[in-house]
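Everything below concerns the one structure shown next.
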Amino acid sequence: CALVISPLISLMQDQVHTLRQRQIPSTHCGSGGDSFCWSSVTSGHYRVVYMSPEFALGHLAEIAGVRQALCVLAIDEAHCISAWGHDFRPVYQQLGRLREALGQVPTMCLTATCTKEVRHDIQRSMGLLGCVHIVGPMNRPNLKYIVQPRRTFEEDMTEIFGLSSHGSERVIDNTQIDPTSSTIVYVQTKARCEELAALLSRAGVAAASYHAGLPMQDRSDIHRAFLMDELQVVVATVAFGMGIDKASIRRVIHYGAAHSLESYVQQCGRAGRDGEDAECITFFKPQDLQEAKTLILQGCKANDEHSRHLLLLHSKLAAFLADSSQCRRVRLLQHFGEEPHRLDSEPQEPRKGECIQVGSLPACCSWCDVCEARKLPMTQSPENIDFTQECRILLQCVSACGGFTGSALPCALAAGQLVDKLKARNLHRHPTFGSGRHKAHSWWKAFLPHVLRAGLLEEKPAKLANGLSYAALSVSEQGFRRMRSTDQSAFFRISPVPSDLAAPPPKPAPVVLRSPAVALEAGSAVQRSEYGGADSLDSRKQELYRRLSHVRQQWMRRLNIMGESLVSNPVLRMLAEIRPSSVRVAQQTVPGLPQLRTEPLASLLEALVSEVNQMCREHFLPQQTEPRAATDDRPPKFRRLPTTFGTAVSGTPSAETLASAFDAASDPQDVRTCDASPPEETSAESVAESGPQAQSDDWLTLLDT
């Protein structure tokens, strides 16, 4: 039996439901769980048991009593263990006690958003000495990253969903990126969550709000409706995050700033889990970054080390959003310790979503807003400007402010703006006042984050006299060395240069009376994707693909099951491509098609094949009438992974992962096999190539979602 620790009740419920559909006895313990008898574990009644960390820590003696029946301890969302992670939970840090109680039971920790620092903290906290690290590729080539200026919600959402003033029922279509595709919209507060969901509902979109203030039953109903394609859009706070196991989400929108890059990647990771194209759009204004920072500081203590770390994580997210000069994807890769693929010359046909760097030139992925907007070929160097003088000026102004202010005052000091706070501190008489008059105040505000990202400035949590928290800006040790150095050589260059830094100071514009009408018809700020899961098919195949998706949706609602967990979009696409004439041909020809031998699930496959036959008769399409060997066209790094429990290609122990693990293992000991002596940290692909050779007790598995 496998013991899985999971942080969310809704996620455990979904996993148990899906495993039972696949004839794998499973249960979950805790609030809302099944009545549980420990003898059911020792008797072999259950193959998988889910528990919350609170339940497990409250029943250590009982769990220790059944440890001989356990084949593995799997800890989901393991980044919650580390105080240096973006979602630290103190109860998770106590799970080392559970591992001690289980003795020699193999332990596996899984997460999809984890830096090297966090990985080693997890290892230390759990006592996983000499464990194997499996680190899968972070890049999700099917996700398109877009960052756009935020306007009004009506304007921004009209571009996405095609809103109209009169509501009308819409059929949800997840076969490609579409205005009717399943979408999650993340916002910062409960009030905004409810406001925006109501606006979408009035415009005819099947939408609901989801946040921690809702009753548990309401949250469960919304979650289920979204999974069953009864809701198209969920407007949510971070409460709707890790527990979403819906493969065909085509779009994740951040309306405002996330708290950190890890949070951003975690939430974006909900999209495109079926391997089809999806987009991750962020609409933000600079004040959104301050709002997110304020939320972080609300629970912080002054000079608390963990608080300073959270501010550092947030500053990296701010850099990601504000910097339109660097490929979005490469910044994400580098944050998690990866680098773009280096080539000596530009490829003839760059692959969408693959980060490529030609020589020393900036990397490009061809699948984010920055790379799509680039006009230069990969082999042409962008503009490079020396901002050393401006950097020295800003460092001197921050130092003059004493390290007890935010970012606004040093920028006003540099630009020579005579604001009241400068007068109150007598800084308008300081030698640095107006030393940067050659640049506008707005320019200094745009420039400061670049200096902060370079490590020359730092932010620390501080409190005002009234108890409110804020981020105090000061010069770092590295910044002081640069500021005091007599070396006049250039040390601060930016390439490529963002438009807000390259532009000259703004000149006063004449007042022109204008119509209040907003010319939305002039063009869309967000370039809609021309890619989609079915776009590679011809029109008939695409039509069949949509019809099969509709059949699956009908069966989902009829049987109250999540159909895409059984028949995914890629499988539907293969059915539309091959067009099998019978269930037997489909099962022997279509890769990834589950063997649905039991009712009512077998009827789903029969209905899909019937729809294929109907479409082929209507349009005289050729069909596959004889079985042929199924071909798996997935990338080798996924295809070659052995079907052992320790090398699943999912970042969390999903139902599919557990099912494939137990299908492959006739003996519980089989799921313990792994490479006997890999390096401390290795890639998933290298482990796959070496294959299972001997037993090892502990796994720290950190794979992408």
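Going by my numbering, the letters in the sequence shown line up with residues 696 to 1400, in that order.
Yeah, the Cβ is synthetic: ideal placement off N, Cα and C, and Gly gets one too.
This structure is a prediction, so every number in the text was calculated from the model and none was measured.
- [ ] With distances taken Cα to Cα, identify the nearest neighbour of alanine 886 among Ala931, Val947, Leu926 and Ile917.
- [x] Counting from 1 along the sequence shown, the entry for residue 886 is found at position 191. Sorting Ala931, Val947, Leu926 and Ile917 by C-alpha distance to the C-alpha of alanine 886 places Ala931 at the top.
Open item on the list: What residue range does the beta strand (DSSP E) around cysteine 804 cover?
Closed with: The residue given as residue 804 occupies position 109 in the sequence shown. Looking at the DSSP string, the run of the beta strand (DSSP E) that includes cysteine 804 is 802-805.
- [ ] List the residues that DSSP assigns as beta-bridge partners of lysine 1158.
- [x] Here residue 1158 refers to the residue found at position 463 when the sequence shown is read from its first residue. Answer is Ser1164.
TODO: For serine 1020, count neighbouring Cβ atoms within 10 angstroms of its own Cβ and tell me buried if that reaches 16, exposed if not.
DONE: Position 325 of the sequence shown, counting from 1, holds the residue named residue 1020. Result: buried.
Open item on the list: So, under 8 Å CB-CB, phenylalanine 978 and glutamine 843 are touching, yes? Tell me the CB distance rounded to an integer number of Å.
Closed with: Here residue 978 refers to the residue found at position 283 of the sequence shown. Here residue 843 refers to the residue found at position 148 of the sequence shown. Rounded, the Cβ-Cβ distance is 5 Å, consistent with contact.
Task: Under the three-state DSSP convention, the category glutamine 1283 falls into - done: Looking up residue 1283 in the sequence shown gives position 588. It is helical.
Task: Given aspartate 851 as reference, the closest of Leu894, Met923 and Asn1161 once Cα atoms are compared - done: As a working mapping, residue 851 is identified with position 156 in the sequence shown. The shortest C-alpha separation from aspartate 851 is found at Leu894.
Task: Proximal residues to alanine 759 (C-beta, below 6 Å), its chain only, five neighbours per side dropped - done: Here residue 759 refers to the residue found at position 64 when the sequence shown is read from its first residue. Spatial neighbours of alanine 759 in its own chain (CB-CB distance under 6 Å, excluding positions within 5 residues in sequence) are listed in chain order as Ala796.
Open item on the list: Check whether the region 1170-1180 and the region 1017-1037 are in contact - that is, three or more C-beta pairs closer than 8 Å.
Closed with: Counting Cβ pairs under 8 Å, fewer than three are found: no touch.
Open item on the list: According to DSSP, simplified to helix, strand and coil, what is arginine 1037?
Closed with: Reading the sequence shown from its first residue, position 342 is the one you call residue 1037. In the structure shown, arginine 1037 sits in a strand (DSSP, three-state: E or B).
Open item on the list: Is the separation between the beta-carbon of tyrosine 881 and that of glutamine 962 shorter than 8 Å?
Closed with: Numbered from 1 along the sequence shown, position 186 holds the residue referred to as residue 881. Numbered from 1 along the sequence shown, position 267 holds the residue referred to as residue 962. Yes, the Cβ-Cβ distance between tyrosine 881 and glutamine 962 is below 8 Å.
Task: Residue nearest to isoleucine 829 in terms of C-alpha spacing, selected from Ala1109, Gln818 and Lys839 - done: Residue 829 sits at position 134 when you count from the first residue of the sequence shown. It is Gln818.
Open item on the list: Rounding to the nearest angstrom, what Cα-Cα distance links glycine 967 and threonine 875 in this structure?
Closed with: Here residue 967 is taken as the residue at index 272 of the sequence shown, counted from 1. Here residue 875 is taken as the residue at index 180 of the sequence shown, counted from 1. Rounded to whole angstroms, glycine 967 to threonine 875 spans 15 Å at the Cα level.
- [ ] For glycine 908, collect the residues of the same chain with a Cβ closer than 6 Å to its Cβ; drop the 5 residues on either side in sequence, then sort them by chain order.
- [x] Here the question's residue 908 lines up with position 213 in the sequence shown. Cβ-Cβ distances below 6 Å link glycine 908 to Lys885 in the same chain, with the five nearest sequence neighbours on each side left out; the list follows chain order.
TODO: Could you round the C-beta distance between arginine 762 and glycine 798 to whole angstroms and report it? I think they count as a contact, below 8 Å.
DONE: Counting from one through the sequence shown, the residue named residue 762 turns up at place 67. Counting from one through the sequence shown, the residue named residue 798 turns up at place 103. Contact between arginine 762 and glycine 798 holds, with the beta-carbon distance rounding to 6 Å and staying under 8 Å.
- [ ] State the CB to CB distance for the pair serine 1180 and histidine 918, rounded to an integer number of angstroms; the pair is presumed to be in contact (CB under 8 Å).
- [x] By 1-based counting over the sequence shown, the position of residue 1180 is 485. By 1-based counting over the sequence shown, the position of residue 918 is 223. Under the criterion of beta carbons closer than 8 Å, serine 1180 and histidine 918 do not qualify as touching, at roughly 57 Å.
Open item on the list: Taking the alpha carbon of tryptophan 779 as the reference point, which residue from Trp1138, Leu1007 and Ile719 has its own alpha carbon closest?
Closed with: Working through the sequence shown from its first residue, we reach residue 779 at position 84. Of all alpha-carbon atoms in Trp1138, Leu1007 and Ile719, the one lying nearest the alpha-carbon of tryptophan 779 is that of Leu1007.
- [ ] Flag this pair as yes or no: are the beta carbons of proline 748 and leucine 790 separated by less than 8 Å?
- [x] The residue you call residue 748 lines up with position 53 of the sequence shown. The residue you call residue 790 lines up with position 95 of the sequence shown. Yes, Cβ-Cβ distance for proline 748 and leucine 790 is below 8 Å.
Open item on the list: Quick check: the region 1089-1098 against the region 1043-1061, are at least 3 beta-carbon pairs closer than 8 Å?
Closed with: Taking a cut-off of 8 Å on C-beta distances, the region 1043-1061 does not touch the region 1089-1098, as fewer than three cross pairs fall below it.
Open item on the list: Within 10 Å of its beta-carbon, does proline 1035 have 16 or more other beta-carbons around it, so buried, or fewer, so exposed?
Closed with: Translated into positions along the sequence shown, residue 1035 becomes position 340. So proline 1035 counts as buried.
- [ ] Please state whether DSSP places proline 1275 in a helix, a strand or coil.
- [x] The sequence position of residue 1275 within the sequence shown is 580, counting from 1. Secondary structure of proline 1275 (DSSP, three-state): strand.
- [ ] Report yes or no: do the region 1130-1145 and the region 1153-1167 share at least 3 C-beta pairs separated by less than 8 Å?
- [x] No, the region 1130-1145 is not in contact with the region 1153-1167.
Task: arginine 1188 - DSSP class collapsed to helix/strand/coil - done: The count along the sequence shown starts at 1 and reaches residue 1188 at position 493. Per DSSP, reduced to three states, the secondary structure at arginine 1188 is strand.
TODO: Please report the residue range of the beta strand (DSSP E) in which valine 930 lies.
DONE: By 1-based counting over the sequence shown, the position of residue 930 is 235. For valine 930, the enclosing beta strand (DSSP E) begins and ends at 928-931.
TODO: Report the partner residues of lysine 811 according to the DSSP bridge assignment.
DONE: Your numbering for residue 811 matches position 116 in the sequence shown. Secondary-structure assignment with DSSP links lysine 811 through no beta bridge to anything.
TODO: Over the uninterrupted alpha helix (DSSP H) stretch that includes threonine 989, give me the two end residues.
DONE: Position 294 of the sequence shown holds residue 989. If you look at threonine 989, you'll find it in the alpha helix (DSSP H) that goes 981-992.
Open item on the list: Quick check on serine 820: buried or exposed, where buried means 16 or more other Cβ atoms within 10 Å of its Cβ?
Closed with: Against the sequence shown, residue 820 aligns to sequence position 125. Serine 820 is buried by the Cβ-count criterion.
TODO: Report the residue from Ala1013, Lys1047 and Thr870 whose alpha carbon sits nearest the alpha carbon of alanine 942.
DONE: Translated into positions along the sequence shown, residue 942 becomes position 247. Closest option to alanine 942, Cα to Cα, is Thr870.
Task: Presumed contact (8 Å Cβ cut-off) between glutamine 710 and tyrosine 741, rounded CB distance - done: Residue numbering aside, residue 710 sits at position 15 when the sequence shown is read from its first letter. Residue numbering aside, residue 741 sits at position 46 when the sequence shown is read from its first letter. A Cβ-Cβ distance of about 13 Å is found for the pair glutamine 710 and tyrosine 741, leaving them out of contact under the 8 Å criterion.
Open item on the list: Quick check on the DSSP output: what are the complete beta strand (DSSP E) runs of length 3 or more inside the region 742-811, in order along the chain?
Closed with: Scanning the region 742-811 from its first residue to its last, the whole beta strand (DSSP E) runs of 3-plus residues come out as 743-746, 767-770 and 802-805.
Task: Reduced DSSP category for histidine 723 - H, G, I as helix; E, B as strand; rest coil - done: As a working note, residue 723 is residue 28 in the sequence shown. Assigned with DSSP and collapsed to three states, histidine 723 falls in strand.
Open item on the list: Please give the ranges of any alpha helix (DSSP H) in the region 914-969, keeping only runs that are unbroken, at least 4 residues long and fully inside the region.
Closed with: Runs of the alpha helix (DSSP H) inside the region 914-969: 956-963.
Open item on the list: What does the alpha-carbon distance come out to for the pair histidine 949 and glutamine 927?
Closed with: For the purposes of this step, residue 949 is taken as the residue at position 254 of the sequence shown. For the purposes of this step, residue 927 is taken as the residue at position 232 of the sequence shown. Straight-line Cα distance between these residues: approximately 16 Å.
Open item on the list: Is it buried or exposed, valine 866, if we count other Cβ atoms within 10 angstroms and call 16 or more buried?
Closed with: For the purposes of this step, residue 866 is taken as residue 171 along the sequence shown, with counting starting at 1. Label assigned to valine 866: exposed.
Task: Continuous beta strand (DSSP E) stretch holding serine 904: start and end - done: Start at 1 with the first residue of the sequence shown, and residue 904 comes out as number 209. Its beta strand (DSSP E) spans residues 902-905.
TODO: Determine the burial state of threonine 713: buried for a count of at least 16 other Cβ atoms within 10 Å of its Cβ, exposed for fewer.
DONE: Walking along the sequence shown from the start, residue 713 turns up at place 18. The residue is buried, with at least 16 neighbouring Cβ atoms inside 10 Å.
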